[in-house]
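Engineer:
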Amino acid sequence: MGTLEYNSSRPPIEIDDVTLAHLKIVIATKLRRQESFMMTWLPGDKNPVGRLTAWVHPSIPLILSFDEPKVAPIDAARIARMMESLNAHGELLIDQMA
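In terms of the UniProt record's numbering, the sequence shown opens at residue 1 and continues consecutively.
1) For P21, count neighbouring Cβ atoms within 10 angstroms of its own Cβ and tell me buried if that reaches 16, exposed if not.
2) In the DSSP assignment, find the unbroken beta strand (DSSP E) run with S65 in it and report its ends.
3) Could you check whether L93 and Y6 sit closer than 8 Å to each other, using their CB atoms as the reference points?
4) Can you list, in chain order, the stretches of the alpha helix (DSSP H) that have 4 or more residues and sit fully within the UniProt domain "DUF7882" (1-94)?
5) In or out: V71 buried (at least 16 other Cβ within 10 Å) or exposed?
Structure (structure tokens):
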């Protein structure tokens, strides 16, 4: 289980390494283009109520930590679905990316 730490103002988001590897590509693509977007996820088991949303912007620090040293396999179709959804809705929904 890897983590995504955004702006260090909240606890890191726990995400499995395969999903995190896909997120890395999608987020990097958007930020490389200087495109900001919303990112929404369900809080962890410690606080299972509600949803959290962050504004992702190129100027805000982002750290992705993987548990496994080996790079996770990437599914190009999954990346395409994630990008299409993000571009259509302006929001990346982490819990609906399988």
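Cβ atoms here follow ideal geometry from the backbone N, Cα and C, with glycine treated the same way. Just so it is clear, the structure is predicted and the values come from calculations on it, not from any experiment.
Structural biologist: The short version:
1) Counted from its first residue, the sequence shown places residue 21 at position 21. The amino acid at residue 21 is misidentified as Pro; the sequence shows Ala. Label assigned to A21: buried.
2) In the sequence shown, counting from the first residue as 1, residue 65 sits at position 65. Where S65 is concerned, the enclosing beta strand (DSSP E) stretches over 62-65.
3) As a first step, residue 6 is located in the sequence shown; it is residue number 6 there, counting from the start. As a first step, residue 93 is located in the sequence shown; it is residue number 93 there, counting from the start. It is not a contact, given that the beta carbons lie outside the stated cut-off.
4) 17-32, 76-89
5) For the purposes of this step, residue 71 is taken as the residue at position 71 of the sequence shown. Its Cβ having fewer than 16 others within 10 Å, V71 is exposed.
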